[in-house]
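Participant:
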Amino acid sequence: MTDRPHRDTIALEDARVLSQDAYPGDQRILRLAAPACARDARPGQFVHLRCDPRLALRRPLSIMRADPDAGSIELLYKVVGEGTRLLATRRPGETLSLLGPIGQPFAPHAERPRALLIGGGVGLPPMVFLADALRRAPPWRPFAILGSEVPFPFDLQPARHPIAGLPAEASAAMPLLDDWGVPNRLASRQGYPGCFSGYVTDLAEHWLAALDEAARAEVEVFACGPHPMLAAVADLARRWGLPCQVSLEEYMACGVGGCAGCVVEVRTPDGPAMKRVCVDGPVFAAEQVFFAA
Amino acid sequence: MMTSPATDPRLAIDFCGLAFASPLVLLSGCVGFGEEYTRVRGFSNRDVGAVCLKGTTLAPRLGNQPHRVFETPCGMLNAIGLQNPGVDHVVERILPGLDFAETRFIANVSGSTVEEYHEVTRRFDDSPIDAIEVNISCPNVKEGGVAFGNDIAMSAQVVTACRQATRKPLIIKLSPNQTDIAGNARACLEAGADAFSVINTLMGMAIDSERRRPVIGNNQGGLSGPAIKPIALLKVHQVYQVCRPHGVPIIGQGGVENGRDALEFLIAGASAVGIGTALFYDPLLCREINATIADYLTRHGLERVADLTGTLCLN
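Protein sequences, first through last, are from chains F and C.
The number in this note's numbering is simply the position in the first sequence, starting from 1, with 450 added.
The number in this note's numbering is simply the position in the second sequence, starting from 1, with 25 added.
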């Protein structure tokens, strides 16, 4: 009999809206009661949400936090189209059909405990989730760099965890990560106070340059964000000789591997291949997706 | 409690000599090679009469560049471009992993030439597959596909070639992107078709006005979903007029999203009903559709679902 380990790995549940909070830049943080998903979710995975019965397709949103005990998950998204516009109208108490958790999670390697987490814009959520998982699991020592060109969906506060080699202007941090003991810094080109003025990759460059060689050999990079940012992160990792995992997004239909609608072209030893972002990803090795020029 | 087809024999149909536990069929291109949806807890291939596997060609195909899918009003566009690992991989590596006790599995054959259609069909003939659907209506590849399906003589030629390659039930998937679908069905029937799938997607386009470019990587794609249901119902009705005297069954499909839709297709002339796009937002909807059909049979005093096929009374 053939082994079928993929079976029954994704739950379908009616998730109840617990809260939905608006932030500048059309951002929303949505908290849902979804016990089956919360129990199994791992950093890098996403949920496929039915935003409104009028729409033919669900929308994929990456998971920012999962609390198995409370049976809840938290999502951060930006209103960009019809689906997210309708999702933003959902109020506490309403239910949304949720498929999840879906996809290959990040797979950190213990021999590289210095996890560099780089999140940009709505690519923040998986980095927050990954930071939460790694801080609980020795030997990892995550450091996060978060970037945004709209106001961050949290109040900035002076960073409590000193990090060597960073420009003095990078003085603010995300309170939640600081509370968790995860050092982090912020980058933006919008001149927000306490934020490094420039790209997340520029700030990462400062950090890497300040490490000695032995420390650098312990770094693994994880990133999620807009495609140009991921390309820049992949390039950074390549230049410093670091392994790098990126989380991708693509227009998606089924979300469970059935339609091959959400593919990305990847390099394999056998040549080019089209991989499904939903179940083969969303996390891929950066060098598979972003090729050296 | 939902009725499951296993417990309601009234939903069972005979389709070209194959026993379907339910008239519902999962459509090609929506469920990969038959195992993908079993990831979802509660989903079972046992809830449907058959599962049509992803379109398969002789050699592996990478398919089209992204974007491949895009939501449109009451539906979606897709242009996957027949991404598949090639027929030998499917027969040798994928079919052995399927559980034929759960449902019937139907291969879906595509090609760029008549010879390719013949050869892919021949290789599936020598496999445990239950039936073979011939896709002469794929709108998303540069050659073959709909180029054959919109030409009656070419359609018949493809069917003849496939017929020579197999004795398994041969289902021809017809294109709605043609003026005379009934004439095409007649030609395919004479060439040896055992059944029809009606309809494939309609060709369409979505445009990003900011970039002044098509959204879909392939520029155009196939439109599916509730938006196409009225078109599909008419095409099923038209093809049924050709099929009825010969007892040739139709898998009616196009925008089915609930039990009432499925009933409409059966009444229009379908023996089985395909489920595709609707699965994307409700992976478990087949159970509900089975239950709705069973309830309808009870309310209308019908003994079996086959009694409903083609019962449309025209005004």
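C-beta atoms are modelled at their ideal positions from N, C-alpha and C, and glycine is treated no differently.
Nearest to F/P551 by CA position, among F/G494, F/F741, F/Y642 and F/V727, is which residue?
Facilitator: Numbered from its first residue, the first sequence carries residue 551 of chain F at position 101. Checked all of F/G494, F/F741, F/Y642 and F/V727; the closest Cα to F/P551 is F/G494.
Participant: Between the region 90-108 of chain C and chain F, which residues of the former have a C-beta closer than 7 Å to a C-beta of the latter?
Facilitator: Those would be P91, H92, R93, V94, F95, E96, C99, G100, M101, N103, I105 and Q108, in chain order.
Participant: Would F/G494 pass as an interface residue toward chain C - the criterion being a Cβ-Cβ separation below 8 Å?
Facilitator: As a first step, residue 494 of chain F is located in the first sequence; it is residue number 44 there, counting from the start. So no, F/G494 is outside the interface.
Participant: Please tell me whether C/E127 has its Cβ less than 8 Å away from any Cβ of chain F.
Facilitator: Reading the second sequence from its first residue, position 102 is the one you call residue 127 of chain C. No, because no Cβ of chain F sits closer than 8 Å to the Cβ of C/E127.
Participant: Find the residues of chain F that neighbour C/G284, judging by a C-beta separation of less than 9 Å, and give them in chain order.
Facilitator: Stepping through the second sequence from its first residue, residue 284 of chain C is reached at position 259. Neighbours of C/G284 on chain F: none; closest Cβ ~16 Å, over 9 Å.
Participant: On the criterion of 16 or more Cβ atoms from any shown chain inside 10 Å, does C/L322 qualify as buried, or is it exposed?
Facilitator: Sequence index remark: in the second sequence, residue 322 of chain C carries index 297 (1-based). It counts as buried.
Participant: Compare the C-beta of F/R535 with all C-beta atoms of chain C and state if any pair is closer than 8 Å.
Facilitator: Residue 535 of chain F sits at position 85 when you count from the first residue of the first sequence. For F/R535, the answer is no, since every Cβ of chain C falls outside 8 Å of its Cβ.
Participant: Check whether the region 308-323 of chain C and the region 61-74 of chain C are in contact - that is, three or more C-beta pairs closer than 8 Å.
Facilitator: The region 308-323 of chain C, when compared against the region 61-74 of chain C, does touch it at the 8 Å Cβ threshold.
Participant: Measuring alpha carbon to alpha carbon, tell me which of F/P485, F/V632 and F/R504 ends up nearest F/L580.
Facilitator: Numbered from its first residue, the first sequence carries residue 580 of chain F at position 130. Minimum Cα distance to F/L580 is reached at F/V632.
Participant: Report buried or exposed for C/I224, applying the criterion of at least 16 other Cβ atoms within 10 angstroms of its Cβ.
Facilitator: Against the second sequence, residue 224 of chain C aligns to sequence position 199. It is buried - the Cβ of C/I224 has at least 16 other Cβ atoms within 10 Å.
Participant: Under three-state DSSP, which class holds F/D517?
Facilitator: In the first sequence, counting from the first residue as 1, residue 517 of chain F sits at position 67. In the structure shown, F/D517 sits in a strand (DSSP, three-state: E or B).
Participant: In the region 143-209 of chain C, which residue ranges form an unbroken alpha helix (DSSP H) of at least 4 residues, counting only runs that do not cross its ends?
Facilitator: List check, alpha helix (DSSP H) in window: 171-174 and 177-188.
Participant: For C/P98 versus C/A231, is the C-beta spacing smaller than 8 Å?
Facilitator: One-based indexing of the second sequence puts residue 98 of chain C at position 73. One-based indexing of the second sequence puts residue 231 of chain C at position 206. No, the pair does not count as a contact, with Cβ atoms beyond the cut-off.
Participant: Which residues in chain C have a C-beta closer than 8 Å to the C-beta of F/E700? List them in chain order.
Facilitator: The residue labelled residue 700 of chain F in the question sits at position 250 within the first sequence. In chain order: P91 and H92.
Participant: Between the region 192-206 of chain C and the region 169-184 of chain C, do three or more beta carbon pairs fall short of 8 Å?
Facilitator: The region 192-206 of chain C is in contact with the region 169-184 of chain C.
Participant: When DSSP labels each residue in this structure, what does F/R738 get in the three-state scheme?
Facilitator: For the purposes of this step, residue 738 of chain F is taken as the residue at position 288 of the first sequence. Sequence check: residue 738 of chain F is Gln here, not Arg. Reduced to three states, the DSSP call for F/Q738 is helix.
Participant: Contact criterion: CB-CB distance below 8 Å. Does C/C55 meet it with respect to chain F?
Facilitator: Working through the second sequence from its first residue, we reach residue 55 of chain C at position 30. Yes - at least one Cβ of chain F is within 8 Å of the one on C/C55.
Participant: What are the uninterrupted segments assigned as alpha helix (DSSP H) that are 4 or more residues long and contained completely in the region 565-611 of chain F, given in chain order?
Facilitator: As far as the region 565-611 of chain F is concerned, its whole alpha helix (DSSP H) runs of at least 4 residues are 574-585.
Participant: Looking only at C-alpha atoms, which of F/L537, F/R504 and F/A520 sits nearest to F/Y527?
Facilitator: In the first sequence, the residue the question calls residue 527 of chain F occupies position 77. Answer by Cα proximity: F/L537.
Participant: Helix, strand or coil: how does DSSP classify F/M679 here?
Facilitator: In the first sequence, the residue the question calls residue 679 of chain F occupies position 229. It is helical.
Participant: What are the boundary residues of the beta strand (DSSP E) that F/Y527 is part of?
Facilitator: For this step, residue 527 of chain F is matched to residue 77 along the first sequence. Run containing F/Y527: S522 to K528, per the beta strand (DSSP E) assignment.
Participant: Go through its chain and collect everything with a Cβ distance to C/Q90's Cβ below 6 Å, but skip five positions before and after it.
Facilitator: Counted from its first residue, the second sequence places residue 90 of chain C at position 65. Within the same chain, C/Q90 has close Cβ partners G242.
Participant: Which of the three DSSP states is assigned to F/Q470 in this structure?
Facilitator: Position 20 of the first sequence holds residue 470 of chain F. Correct three-state label for F/Q470: strand.
Participant: For chain C, is any of its Cβ atoms less than 8 Å away from the one on F/V529?
Facilitator: In the first sequence, residue 529 of chain F corresponds to position 79, counting from 1. Cβ-Cβ to chain C under 8 Å: no for F/V529.
Participant: Note down, in chain order, every chain C residue with its Cβ under 9 Å from the Cβ of F/H456.
Facilitator: Position 6 of the first sequence, counted from the first residue, corresponds to residue 456 of chain F. In chain order: E60, E61, T63 and R64.
Participant: Return the residues of the region 271-302 of chain C that lie within a Cβ-Cβ distance of less than 8 Å from chain F, sorted by chain order.
Facilitator: Cβ contacts with chain F come from T302.
Participant: If you draw a straight line from the C-alpha of C/V281 to the C-alpha of F/L482, how long is it?
Facilitator: To locate residue 281 of chain C, count along the second sequence from 1; it is residue 256. To locate residue 482 of chain F, count along the first sequence from 1; it is residue 32. So the two alpha carbons sit approximately 30 Å from each other.
Participant: Let me check understanding here. Comparing Cα to Cα, which of C/S222, C/I196, C/R238 and C/V171 lies closest to C/M228?
Facilitator: As a position in the second sequence, residue 228 of chain C is number 203, starting the count at 1. The shortest Cα separation from C/M228 among C/S222, C/I196, C/R238 and C/V171 belongs to C/V171.
Participant: So is C/C338 buried or exposed if we call it buried at 16+ other beta carbons inside 10 Å?
Facilitator: By one-based count along the second sequence, residue 338 of chain C stands at place 313. It is exposed - the Cβ of C/C338 has fewer than 16 other Cβ atoms within 10 Å.
Participant: Cβ atoms of F/A506 and C/N103: under 8 Å apart, would you say?
Facilitator: Taking the second sequence and counting its residues from 1, one reaches residue 103 of chain C at position 78. Taking the first sequence and counting its residues from 1, one reaches residue 506 of chain F at position 56. The answer is no: Cβ separation not under 8 Å.
Participant: For C/V94, which of helix, strand or coil comes out of DSSP?
Facilitator: For the purposes of this step, residue 94 of chain C is taken as the residue at position 69 of the second sequence. The answer is strand: DSSP assigns C/V94 an E or B state.
Participant: When the Cα atoms are used, what is the spatial distance from F/S469 to C/A210?
Facilitator: As a position in the first sequence, residue 469 of chain F is number 19, starting the count at 1. As a position in the second sequence, residue 210 of chain C is number 185, starting the count at 1. Rounded to the nearest angstrom, the two C-alpha atoms are 55 Å apart.
Participant: How long is the line joining the alpha carbons of F/G644 and C/M101, rounded to whole angstroms?
Facilitator: Reading the first sequence from its first residue, position 194 is the one you call residue 644 of chain F. Reading the second sequence from its first residue, position 76 is the one you call residue 101 of chain C. Rounded to the nearest angstrom, the two C-alpha atoms are 44 Å apart.
Participant: Of the residues C/F290, C/M179 and C/N283, which one's Cα is nearest the Cα of C/G136?
Facilitator: One-based indexing of the second sequence puts residue 136 of chain C at position 111. When only C-alpha atoms are compared, the closest one is C/M179.
Participant: From this set, F/F741, F/A488, F/V733 and F/D464, which residue's C-alpha is nearest F/R689's C-alpha?
Facilitator: Mapped onto the first sequence, residue 689 of chain F falls at position 239. Among F/F741, F/A488, F/V733 and F/D464, the Cα nearest to that of F/R689 belongs to F/F741.
Participant: Give every residue of the same chain whose Cβ lies closer than 7 Å to the Cβ of F/D629, excluding the five residues on either side of it in the sequence, and list them in chain order.
Facilitator: The residue given as residue 629 of chain F occupies position 179 in the first sequence. Nothing listed; no residue qualifies.
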